[in-house]
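S.K.: In my numbering, the protein residues as written are 1 to 109.
#1: May I have the straight-line CA-CA distance separating residue 109 from residue 61, to the nearest angstrom?
#2: Counting only the same chain and skipping the five closest in sequence on each side, list residues whose C-beta sits under 8 Å from that of residue 50.
#3: Report the three-state DSSP secondary structure of residue 48 (helix, strand or coil).
#4: In or out: residue 56 buried (at least 16 other Cβ within 10 Å) or exposed?
#5: Select from 86, 84, 19 and 4 the residue whose C-alpha is nearest the C-alpha of residue 35.
#6: Would you tell me roughly how many angstroms separate the C-alpha atoms of residue 44 and residue 73, rounded to the nearest one?
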């Protein structure tokens, strides 16, 4: 991803300092991002991609349809049969216990 950001910046003839200024970060952070430093925040990456006109790349990274491991885990955890849902009219026992407006001494509230 870092190499792609660097290539996109160079193709647009934008210096690292200019990109940093537009993205609201430092040139040092741009350098770290382009080198693939994992410590650069996702927000900074998003800001840089917006400046480069590549923000759609971020959504491509997070597209769950391409998450093979996540899909496999979901398939494993899907129950073989579904339990019937409790209807809204049925409540747990004691859930609708009538409350008295008076205390045991007969005082009303």
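For glycine and all other residues, C-beta sits at the position ideal for the given N, C-alpha and C.
As the structure is a prediction and not an experimental result, all values here were calculated from the model.
M.R.: Short version:
#1: For residue 109, the predicted model reports a pLDDT of 49, less than 50, meaning its position is unreliable; a value from the coordinates is still stated below. Each residue's alpha carbon lies about 60 Å from the other.
#2: 23
#3: helix
#4: exposed
#5: 4
#6: 30 Å
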